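Single-structure report; data block below.
Residue numbers (our numbering): 42 to 413.
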């Protein structure tokens, strides 16, 4: 018999967050999250998203053993401001038992119906900076810290429960040797002169901060037309600065500004911490943070986390300036492989930017929906 329990205590939350550690105990590909960060994600006092959203967490038990979890999420900015009557869900993990996944999803349906929402979609997080999508291929590839990994049977459960595909995503990678500087070196010099643009270099995180708010503003402006986009609010900006910037080498952040020092493009690259996160098993202390710091400095694999160009400068070659900056630095650091986070499969603009790197799709994902 399956019993569903609402998470109401710190002990429950710890159990919710650590359940995947047992589910993927034997996996060579799953990447553990940092437990302390996951706890903060669901801390209503710590995470400002809860000023505009709510989440109800559930655990599934068979007898006394946890066999599944799910987060039922409503983003009120999406529901009220955009009039998108969507019930979100994420952090959805379960053993290969159809009754377990069904019981957890029923809790999501019930909340959605309570608020007269029209459909549910998942797996997704609170916003566009959260993890997204259930894997549909690439199960024998090592995951990464900014994406969910899942067993192959997950997708079959969604279909069995009557979900249909909502959006498709791809994760790409390419060896750094694929990058041909002659394709962008001369172009970026010409673009700089034509539009009076300057590439900014950083060596300290403090140097990034004066531009961070502008970056989030440009992110909102750049990604506004994409499906399911929910803007980052002013109070969320401060939270994301603390959450992400500490994991990013300042020299891996690239900004392009115009003659008035206004931001027209940005890119954020992160070291790929996959093997280190597997090693520390979700714990920064007592020595995990030292291993993360080492990986931050010496990782030979990197992940392009975000890239955005102001709409007034799109299709004008501005990305060549960013590529040139990264090429010089990656060459110096001996970078081997470049990865990209999940991108919508129908995002033709982003594919055009990367086509000359001859990337390969190594993971595919989907979010799925069901009418309530």
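Even glycine gets a Cβ: it sits at the ideal position worked out from N, Cα and C.
As the structure is a computational prediction, the values presented were derived from the model and not from experiment.
Non-local beta-carbon contacts of residue 368 in its own chain, meaning distances under 7 Å to residues more than five positions away in sequence, involve 220 and 222 in chain order.
Relative to residue 297, the option among 136, 189 and 365 whose CA is nearest is 365. About 7 Å separates the Cβ atoms of residue 319 and residue 73, confirming a contact at the 8 Å cut-off.
Collapsing the DSSP output to three states places residue 344 in a strand.
Residue pairing from DSSP places residue 101 in a beta bridge opposite 45 and 109. Annotation: residue 141 to residue 107 spans about 10 Å, alpha carbon to alpha carbon. Per DSSP, the continuous alpha helix (DSSP H) segment holding residue 195 begins and ends at 194 to 201. For residue 165, the pairing in a beta bridge is given by DSSP as 173. According to the DSSP secondary-structure assignment, residue 214 is paired through a beta bridge with 380 and 401.
Residue 307 is positioned such that its CB atom lies closer than 8 Å to that of residue 295. Ranking 378, 312, 283 and 160 by CA distance to the CA of residue 78 puts 283 first. Taking every protein chain shown into account, the CB of residue 187 has 16 or more other CB atoms within 10 angstroms, so this residue is buried.
The residue among 259, 232 and 57 with its C-alpha nearest the C-alpha of residue 347 is 259. Secondary-structure assignment with DSSP links residue 239 through a beta bridge to 298. If the five residues before and after residue 132 are omitted, its C-beta is found closer than 7 Å to the C-beta atoms of 110, 111 and 112, all from its own chain and listed in chain order. Shown here for residue 58: same chain residues with a beta carbon closer than 7 Å to its own, the five before and five after excluded, namely 76, 79 and 80 in chain order.
Between residue 115 and residue 156, the C-beta gap is smaller than 8 Å, which places the two residues in contact. Around the beta-carbon of residue 250, fewer than 16 other beta-carbon atoms lie within 10 Å, marking it exposed.
Judged by DSSP in its simplified three-state form, residue 368 adopts helix. Under the 10 Å beta carbon count, residue 321 is surrounded by 16 or more other beta carbons and is classified as buried. About 5 Å separates the beta carbon of residue 381 from that of residue 213, a gap short enough to meet the 8 Å contact definition. Between the C-alpha atoms of residue 91 and residue 235 there is a straight-line separation of about 44 Å.
Pairwise C-beta distances place the region 162 to 182 in contact with the region 116 to 131, as three or more of them are shorter than 8 Å. Burial is judged here by how many other beta carbons sit within 10 angstroms of a residue's own beta carbon; residue 301 has fewer than 16 and is exposed. Of the residues 278, 393, 154 and 207, the one whose Cα lies closest to the Cα of residue 170 is 278.
The C-beta of residue 247 has fewer than 16 other C-beta atoms within 10 Å across all chains shown, which makes the residue exposed. Its Cα nearest to that of residue 265, the residue 119 stands out among 119, 60, 412 and 83. DSSP places residue 304 in the uninterrupted beta strand (DSSP E) bounded by 304 to 312.
Inclusion of residue 144 and residue 45 in the CB contact set at 8 Å is warranted, their separation being smaller than that value. The C-beta distance from residue 411 to residue 161 rounds to 6 Å, short enough to meet the 8 Å contact threshold. By the criterion of a C-beta distance shorter than 7 Å, residue 152 is surrounded in its chain by 97, 113 and 128, once the five residues flanking it on both sides are discounted. Out of 178, 68, 69 and 64, the CA that lies nearest to the CA of residue 135 is found in 64. Residues of the same chain with a CB within less than 8 Å of the CB of residue 375, apart from the 5 flanking positions on each side, are 341 in chain order. Considering only 87, 310 and 176, the residue with the shortest C-alpha distance to residue 402 is 176. The DSSP-derived three-state label of residue 188 is coil.
Residue 299 and residue 229 have their C-alpha atoms spaced approximately 14 Å apart.
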